[in-house]
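Quick note: the sequence shown uses this note's numbering, first residue 67, plus one each step. Worksheet: the structure to be examined is printed underneath.
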Amino acid sequence: MGLLALNLAAGETIVPLTAAQLERLGVEFAQPQPVNAIPLGEVPAMVTVPPQAEAVLSAPVAGQIEEVKVARGDAVAARQVLVVMHSPELLAKQQRLLEAHQEFKVAKARYERERSLFADGVIAQSRFLETEKSWRQAQVAYAQARAELAALGIAQAAIARLIQTQKLDGRLKLASPLTGAVIAREVTVGQWVDRLAPLLRLTATSTLWLDMEVEAARAERLRPGAPVYVEPPGARGEVFLVGETVDPATQTTLVRARLTELRGLRPGRKVVAALFEPSAEPLLKLPRSALVEQEGAPFVFVRVPEGVKALPVSVKAQTEAEAFLTGIDPKAQVVSQGTAALKAAWLGEAEGEE
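Written out as structure tokens, the structure reads:
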């Protein structure tokens with residue numbers, strides 16, 4: 067095989083060079099970066115909102131819209147008042163509460179009085195039981211009237227204030243159920259709306275997904291937990307869904323990732339996502355320029371006291387700029403620039419050592 071071949075096989079070929087010679091050759095060094103995933107390339111992606119993160123603010127009662135405090139695209143906070151409406155139905159429910167409260171007070175007073183009389187043997191049991199029945203019915207009606215107002219989003223403190231002041235108010239303030247943004251406005255000021263009519267469509271922005279159509283062969287290499295990066299703006303996420311079907315027209319599979327770092331990404335934005343396959347073994351990442359090929363085998367040059375040493379490596383994956391490999395010490399100083407001159411010296415083709 068020859069001396070060179072033997073040296074290559076042993077992986078012990080050293081190119082003796084001083085620091086000054088390395089500098090004159092334009093040699094630069096890089097330290098390997100440990101990684102645990104192999105790049106699978108880039109794919110177009112869309113930032114989307116999980117279905118459970120969407121909400122519709124609807125009219126709990128029929129009425130007229132008096133004020134809409136937000137527009138499409140506005141950020142909103144949970145419990146922030148977004149819409150004010152006036153509702154005759156709300157007035158009727160408030161009146162029903164006041165009447166139920168009054169009937170409950172009367173029934174309760176009668177029950178307590180007759181309970182004492184029954185205990186003393188003054189009235190018959192049948193009369194007391196009838197009074198107790200009326201009191202319990204009034205209690206249920208009162209609780210139901212309170213619950214109807216609470217279901218409209220009216221706070222218990224406001225209900226208590228209504229009972230105390232006996233003052234009706236047909237204005238209903240509707241608050242956001244989440245922190246996020248307005249994605250659609252369905253009503254205008256002055257419009258009459260029926261019960262359950264949609265007023266605003268909202269979405270939470272704290273949790274976003276990336277939807278990607280990935281070539282079927284690449285999708286097969288993805289698993290839940292695989293990292294996904296979006297550069298720019300530096301957002302990242304993790305795959306949690308790899309579709310079970312392949313689109314017959316495009317031969318792609320839906321892959322969905324949950325974004326863990328948003329970096330300003332918003333729903334609807336189109337981005338380019340970089341996919342990675344988790345590696346079963348620790349890998350090292352180096353600039354692709356560090357690779358040298360000799361007789362079909364990849365090598366890198368690492369710094370040693372005598373100069374540099376050519377070491378064989380196992381390349382697991384490559385991109386345009388980076389190589390992912392095993393076979394060297396993670397703490398090694400690896401030549402990243404100037405490999406052509408070193409290879410010439412290594413093969414004995416350099417004109418001189420200077």
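Glycine included, C-beta positions come from ideal geometry on N, C-alpha and C. All of these numbers come straight from a predicted model, not from anything done at the bench.
{"Asked": "Can you tell me which of 80, 382, 406 puts its alpha carbon nearest to the alpha carbon of residue 106?", "Found": "382"}
{"Asked": "Would you grab the beta carbon distance between residue 189 and residue 183 for me? Rounded to a whole angstrom, and I think it's under 8 Å.", "Found": "5 Å"}
{"Asked": "Kindly indicate which three-state DSSP category residue 400 falls into: helix, strand or coil?", "Found": "strand"}
{"Asked": "Just how far apart, CA to CA, sit residue 118 and residue 403?", "Found": "51 Å"}
{"Asked": "Please look up how many angstroms separate the CB atoms of residue 268 and residue 248, rounded, as I've assumed it's under 8 Å.", "Found": "6 Å"}
{"Asked": "Check whether the stretch 172 to 179 touches the stretch 271 to 286, taking contact to mean three or more Cβ pairs, one atom from each stretch, closer than 8 Å.", "Found": "no"}
{"Asked": "Check this for me: beta carbons of residue 218 and residue 275, under 8 Å apart or not?", "Found": "no"}
{"Asked": "Provide the residue span of the alpha helix (DSSP H) that contains residue 405, from first to last.", "Found": "405 to 412"}
{"Asked": "Going straight from the alpha carbon of residue 309 to that of residue 321, what length do you get?", "Found": "6 Å"}
{"Asked": "State yes or no: is the beta carbon of residue 277 nearer than 8 Å to at least one beta carbon in chain B?", "Found": "Protein chains in the displayed structure number just one, and chain B is not present."}
{"Asked": "At which residues does the alpha helix (DSSP H) containing residue 154 begin and terminate?", "Found": "154 to 185"}
{"Asked": "Check the C-beta distance from residue 159 over to residue 215 and give it rounded, since I have them as a contact under 8 Å.", "Found": "6 Å"}
{"Asked": "One question on the structure: do residue 228 and residue 153 come within less than 8 Å of each other, judged by their Cβ atoms?", "Found": "no"}
{"Asked": "Where does residue 229 sit, in a helix, a strand or coil, going by DSSP?", "Found": "helix"}
{"Asked": "If you run the structure through DSSP and keep just helix, strand and coil, what is residue 197?", "Found": "helix"}
{"Asked": "Tell me the residue span of the alpha helix (DSSP H) that contains residue 87.", "Found": "85 to 90"}
{"Asked": "Got a sec: does the ligand NAP put a non-hydrogen atom nearer than 7 Å to the Cβ of residue 137?", "Found": "The ligand NAP is not part of this structure, which contains no ligands at all."}
{"Asked": "Tell me which residues share the same chain as residue 141 and place their Cβ nearer than 7 Å to its Cβ, disregarding the 5 neighbours each side in the sequence.", "Found": "247"}
{"Asked": "Where are the alpha helix (DSSP H) runs, 4 residues long or more, that stay fully inside the stretch 338 to 405, in chain order?", "Found": "none"}
{"Asked": "Using beta-carbon positions only, say whether residue 111 and residue 338 come within less than 8 Å of one another.", "Found": "yes"}
{"Asked": "Looking only at its own chain, which residues have a Cβ that is under 7 Å from the Cβ of residue 197, when we skip the five neighbours before and after it?", "Found": "176, 177, 180"}
{"Asked": "Does the stretch 124 to 135 come within contact of the stretch 292 to 303, defined as at least 3 CB pairs closer than 8 Å?", "Found": "no"}
{"Asked": "I think residue 109 touches residue 280, with their Cβ atoms under 8 Å apart; what is that distance to the nearest whole Å?", "Found": "5 Å"}
{"Asked": "Distance check for residue 357 and residue 405, CA to CA, integer angstroms please.", "Found": "8 Å"}
{"Asked": "Does DSSP put residue 69 in a helix, in a strand, or in coil?", "Found": "For residue 69, the predicted model reports a pLDDT of 33, less than 50, meaning its position is unreliable; a value from the coordinates is still stated below. Residue 69: helix per DSSP, three-state reduction."}
{"Asked": "Below 8 Å, can you find three or more Cβ-Cβ pairs linking the stretch 326 to 337 to the stretch 85 to 98?", "Found": "no"}
{"Asked": "Could you give the first and the last residue of the continuous beta strand (DSSP E) run that contains residue 111?", "Found": "99 to 114"}
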